[in-house]
Amino acid sequence: MEPTAPAILEIGLVLLAAVAAGWVARRIGLPAVVGYLFVGLAVSPFTPGYVADPEQLRLLADVGVVLLLFEVGIEVDLRTLQREQRALIWVAPAQMLVTTLIGAAVFVALGIEPIPATVLGLCVAFSSSVVVVNITRSRRRTTDQPTERAMLGWAVLQDVTGVVAAAALLAALTIGGRPLGDALLGLVAFAALALATARVLPRILGALHGEHDLFLITSVASGLALAGVGAVAFGVPLALAAFVGGLAITESHAAAEARRRLLPFRDLFAVLFFVAIGTLIDPGDLLVGLPWLAVFLGLIVVAKSGVAYGLARLVHVPGRPVQLAVGLGQMGEFGFVLGSALVTAGVITGSLYVALLAAVVISIALSAVAVRWVKGPVPEAAPPG
């Protein structure tokens, strides 16, 4: 038997199990990602029964989250947002700031150091772009088009503004033992590389426009390579570097084609990512971290959905503000990435990290279901001028 055969078999069986669990989850009214997370928990080393190779799943998850966030970065269309959702240009960053500050204050009051507490607040402030997209494309959705556009635009702007803050905060933590000056210099150097990529890569993709296979391979390989260079050479977390790589080509003529080609793979990337999250949840640590879980969920409801609702009402964001706030009321990919960086650096405990992961799971499930139940009134249009 070939030495790689068991690994290939295991990947195939885990993906098939995830498909089955996702199908069951949808049949009982839950989002498919809940099924993926359940499969990850079932094959994790913390539960009885079959245990998948954690290193193999971790590698697949890293590839999945890198490609997923690279694709999310490509999805950003700032020109369209500025033209059609101008109010969101400042409202979404304002929500990020307010939610982060409230979260930071709460975590500091509970004994966390200021910088890790601020990163945890930022984890709460991010929504899941993947989940928001699924909400707006679900066959069971009750959202109208203005609410869907506002929800998507808000989530995208969260990613754009939050990734800058995340990179700066992680540099301030000097994760990896590097001096702060070196960490900041690495961020600046990576930003310069991303800008150079933004000028060169679209031309390469434009030249490959008629070569469908080469276009797709170049797009994916560029995302992986830029993320890898950012992590290895400049100390930028893989997922953040991948998102920036997607942003690097989002304003080019090749971006629309890259979006269309990569879209069918989004779900595969998401399956790998969410299955891997499930493998990291230790039920023992979760029992210890239940108070932290309550804190995370409370912040999501009050400091995130509550703030989003208030801002949406204040500036008359088109759509239904209650449904918009509930649709944004979950933690997501960046929360996982930042939490992983914190626990790797040893600045938060394992029980706090597992509570964060559980908050991601629970908030995704509740948000995706509750958004179909709530509508609320449509606010009056903002006065002209």
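Residue numbers (our numbering): 19 to 403.
C-beta atoms are modelled at their ideal positions from N, C-alpha and C, and glycine is treated no differently.
Bear in mind that the values here come from a model prediction, so they are computed numbers and not experimental data.
query: Where in the region 101–188 do unbroken runs of the beta strand (DSSP E), each at least 3 residues long, occur, reported from the N-terminal end onward?
result: Unbroken beta strand (DSSP E) runs of no fewer than 3 residues, entirely contained in the region 101–188, are not found.
task: Please specify which runs of the alpha helix (DSSP H), each continuous and at least 4 residues long, are wholly inside the region 221–302, giving them in chain order.
output: Taking only runs of at least 4 residues, the alpha helix (DSSP H) segments lying wholly in the region 221–302 are 230–252, 256–267, 272–298.
field: For residue 62, three-class secondary structure by DSSP
entry: Here residue 62 sits in coil by DSSP.
Status (buried if at least 16 other CB within 10 Å, exposed otherwise) for residue 364: Taking every protein chain shown into account, the CB of residue 364 has fewer than 16 other CB atoms within 10 angstroms, so this residue is exposed.
field: Simplified DSSP state of residue 57, which is helix, strand or coil
entry: When secondary structure is reduced to three states using DSSP, residue 57 falls in the helix class.
- prompt: Using a Cβ-Cβ cut-off of 8 Å (strictly less than) and excluding sequence neighbours within five positions of residue 9, which residues of its own chain qualify?
  reply: Look at the range of the chain in this structure, 19 to 403, and you will see that residue 9 is not part of it.
- prompt: Nearest to residue 37 by alpha carbon, out of 57, 25, 27, 46?
  reply: Out of 57, 25, 27, 46, 57 has the C-alpha closest to the C-alpha of residue 37.
task: Could you tell me whether the region 74–85 touches the region 274–287, where touching means 3 or more Cβ pairs closer than 8 Å?
output: Yes: the two stretches touch, three or more of their Cβ pairs being nearer than 8 Å.
Pairwise C-alpha distance: residue 39 and residue 485: There is no way to answer for residue 485, as the model of the chain reaches only from 19 to 403.
task: Give a yes or no on whether the C-beta atoms belonging to residue 145 and residue 176 are separated by under 9 Å.
output: Taking 9 Å as the Cβ cut-off, residue 145 and residue 176 qualify as a contacting pair.
field: Neighbourhood of residue 143 by C-beta, 6 Å cutoff - its chain only, sequence neighbours within 5 removed
entry: Around residue 143, the same chain offers 114, 117, 118 as residues with beta carbons nearer than 6 Å, after the five sequence neighbours per side are excluded.
message: By the three-class DSSP mapping on this structure, what secondary structure does residue 48 have?
response: Of the three classes helix, strand and coil, the one that applies to residue 48 here is coil, per DSSP.
query: My guess is that residue 356 and residue 141 are in contact by the Cβ rule of under 8 Å, so how many angstroms apart are they, rounded?
result: 5 Å between Cβ atoms; contact.
query: Is the region 119–138 touching the region 301–321, taking contact as three or more C-beta pairs under 8 Å?
result: Contact between the region 119–138 and the region 301–321 is present, because at least three Cβ pairs lie under 8 Å.
task: Take residue 158 and list the residues in its own chain whose beta-carbon comes closer than 7 Å to its own, dropping the five residues that flank it on each side.
output: Taking C-beta separations shorter than 7 Å and ignoring five residues to either side along the sequence, the partners of residue 158 in its chain run 390, following chain order.
message: In this structure, how does DSSP classify residue 339 when only helix, strand and coil are distinguished?
response: Assignment of residue 339 by DSSP, reduced to helix, strand and coil, places it in the helix class.
message: Which residue wins for smallest C-alpha separation from residue 245, given the options 205, 164, 129, 27?
response: Nearest C-alpha to residue 245: 205.
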